[in-house]
Amino acid sequence: MLRVDEVLRRDGVADDLRSVINHTLIGCKEIAHKLSQGELAGILGSTETENVQGETQKKLDVISNEVLKHVLSQDPGVRGIASEEEDNTVAINDDGKYLVTFDPLDGSSNIDVNLSVGTIFSILQAQQPGSGDDMALFLQSGRNQVAAGYVLYGPSAILVLTTGKGVNFFTLDRHIGEFVLTKEQVKIPEDTKEFAINMSNQRFWEKPMQDYIAHCLQGEEGPLGKRYNMRWVASMVAEVHRILVRGGIFMYPWDSRDPSKAGKLRLMYEGNPMSFIVEQAGGRSTTGREDIMDIQPEDIHQRVPVVLGSKNEVETVMRYHLQG
Ligand code: AHM
Ligand code: MG
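At position 324 of the sequence shown (counting the first as 1) the number is 308 in my numbering, and the numbers step up by one without a gap.
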């Protein structure tokens, strides 16, 4: 079976970009190992600290961040990094070409209950000279991504990767310590009857989202004319993975709990990489009103409403927003 690097070579991915991806994956394998040890390694539970977004950090959030920072600092091709768990962008090598943004451990409320979490990463090319801690270098739209991926740490560890030539799945073979190709050119079914949203926020949503979900709940008797199923794993990586495998729609819309925030999820290391993967698999990704990857970022930690998944269902949600 083909290993990741063999697939990247076959696809003509530049040597320096392959190196950045491979370094990222060394970190992900280390994170997979630590997660599998769990309580045995004494790494469950929270730290005393909060990240820049005011969220309590889990020990494994901090450890995963350190692991990725360390491996990426070994790669001369990396100019700088930005992470959910770092207040500011971090300079690595001024001669490097690439900028890596990542959420080291997404869905971290699932860690202590032994459910699925994941690492999400996005790779951009620096467009001008400058130190890798200059945030301005990073503020490029998602359309500029040269690679994006995630690793889902579930019963098996699965890497989902795109370099703009479709989406492939790789499964971590723990005997050889390599991600090997297990599914090529994944395509998301265009239609679905399965939605994922945190229903407890319903009363805080805008009217278009209220209406769409109300119509989903009406099933075949409502205007959407079909009976829906619902899932909520509280781990975006797991939700996106389910959608890549069997279709579906995932939503984390704007809500009025804190009107100053544009949503819960972050654009540059959650929204953009997931949008790149979903679009490469034939799905769609929007705020409800515009494609996520068309947004010009203003801050490395900025938030974004997210609606992504099966193409036709996402377009239905976009119509509710156009009318609302
Ligand atoms: P995190 O980056 O702090 O882990 O937050 C992101 C996660 C997503 O994986 C998931 O979709 C969402 O937060 C769950 O939110 P909620 O707590 O509202 O269920
Ligand atoms: Mg996250």
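Beta carbons are placed, not taken as given, at the ideal position from N, Cα and C, and that holds for glycine. Just so you know, these numbers come straight off a predicted model, no measurement behind them.
Q. Pick from Leu145, Tyr137, Gly114: whose alpha carbon is nearest that of Ser106?
A. Leu145
**Q.** Backbone CA spacing between Lys18 and Lys167 [nearest angstrom]
**A.** Approximately 26 Å between the Cα atoms of the pair.
Q. Hey, is Lys90 close to the ligand MG, as in C-beta under 7 Å from one of its heavy atoms?
A. Rather than Lys, the amino acid found at residue 90 in this sequence is Asp. For the ligand MG, at least one heavy atom lies less than 7 Å from the Cβ of Asp90.
Q: Out of Thr176, Gly232, Gly22, Val62, state which residue places its alpha-carbon closest to the alpha-carbon of Asn98.
A: Gly22
Q: Would you give the residue range spanned by the alpha helix (DSSP H) that Glu34 belongs to?
A: Premise fails: Glu34 lies in the beta strand (DSSP E), 30 to 34, not in any alpha helix (DSSP H).
Q. So does the region 121 to 130 actually touch the region 89 to 103, counting three or more Cβ pairs closer than 8 Å?
A. no
Q. Can you round the beta-carbon distance between Leu136 and Gly161 to whole angstroms, since I take them to be within the 8 Å contact cut?
A. About 18 Å separates the two Cβ atoms, so there is no contact after all.
(Q) So, at 6 Å on beta carbons, what are the nonlocal neighbours of Ile10 in its own chain, with the 5 sequence-adjacent residues on each side left out? (A) Val55
Q | Where Thr8 sits in the DSSP three-state scheme | A | If DSSP states are grouped into helix, strand and coil, Thr8 belongs with the helices.
(Q) Just to confirm before moving on: does the CB-CB distance between Leu292 and Arg268 stay below 8 Å? (A) yes
Q: With a 10 Å radius around its C-beta and 16 neighbouring C-beta atoms as the bar for buried, classify Ala198 as buried or exposed.
A: Label assigned to Ala198: exposed.
(Q) Here's the rule: buried if 16 or more other CB atoms are within 10 angstroms of the residue's CB, otherwise exposed. What is Leu311? (A) In the structure as shown, the chain begins at -15 and stops at 308. Residue 311 is therefore absent and cannot be evaluated.
(Q) By the three-class DSSP mapping on this structure, what secondary structure does Met214 have? (A) strand
Q: Kindly indicate which residue of Ala16, Glu39, Asp59, Gly80 has the alpha-carbon position closest to the one of Glu70.
A: Glu39
(Q) Given the structure, does Ser219 come close to the ligand AHM, in the sense that its CB is under 7 Å from one of the ligand's heavy atoms? (A) Indeed, a heavy atom of the ligand AHM lies less than 7 Å from the Cβ.
Q. Going by alpha carbons, who is nearest to Gln111 out of Phe234, Val(-12), Tyr304, Asp78?
A. Asp78
Q | Euclidean distance between Cα positions of Lys13 and Gly26 | A | 19 Å
Q.
At a cut-off of 7 Å, would you count Asp45 as near the ligand MG, judging by its Cβ distance to the nearest heavy atom?
A. no
Q) Within 7 Å: the Cβ of Glu69 and any heavy atom of the ligand AHM? A) no
Q: With a threshold of 16 other CB atoms inside 10 Å of the CB of Ala120, please say whether the residue is buried or exposed.
A: exposed
Q.
Since Asn288 and Thr270 should fall inside the 8 Å C-beta cutoff, what is the C-beta to C-beta distance between them, to a whole number of angstroms?
A. Checking the displayed sequence, the identity of residue 288 turns out to be Val instead of Asn. Rounded, the Cβ-Cβ distance is 10 Å, inconsistent with contact.
**Q.** Whole-number beta carbon distance between Ser294 and Asp175, since they are thought to touch under 8 Å
**A.** 6 Å
Q. What are the start and end residues of each continuous beta strand (DSSP E) run of 3 or more residues lying completely inside the region 81 to 138, in chain order?
A. Taken in chain order, the complete beta strand (DSSP E) segments of 3 residues or longer contained in the region 81 to 138 are 82 to 90, 101 to 109, 131 to 137.
Q) How would you label Leu36, buried or exposed, when you count the other beta carbons within 10 angstroms and need 16 or more for buried? A) Note that residue 36 is Val in the sequence shown, not Leu. Classification of Val36: exposed, given that the 10 Å Cβ count is below 16.
Q | Residue range of the beta strand (DSSP E) that includes Met235 | A | 233 to 236
Q. Could you give the C-beta distance for Gly311 and Asp117, rounded to a whole number, given that I count them as a contact under 8 Å?
A. Residue 311 lies beyond the stretch modelled for the chain, which goes from -15 to 308, so this question has no answer here.
**Q.** Per-residue burial, Lys191 [other beta carbons within 10 Å of its own, 16 or more giving buried]
**A.** Its Cβ having fewer than 16 others within 10 Å, Lys191 is exposed.
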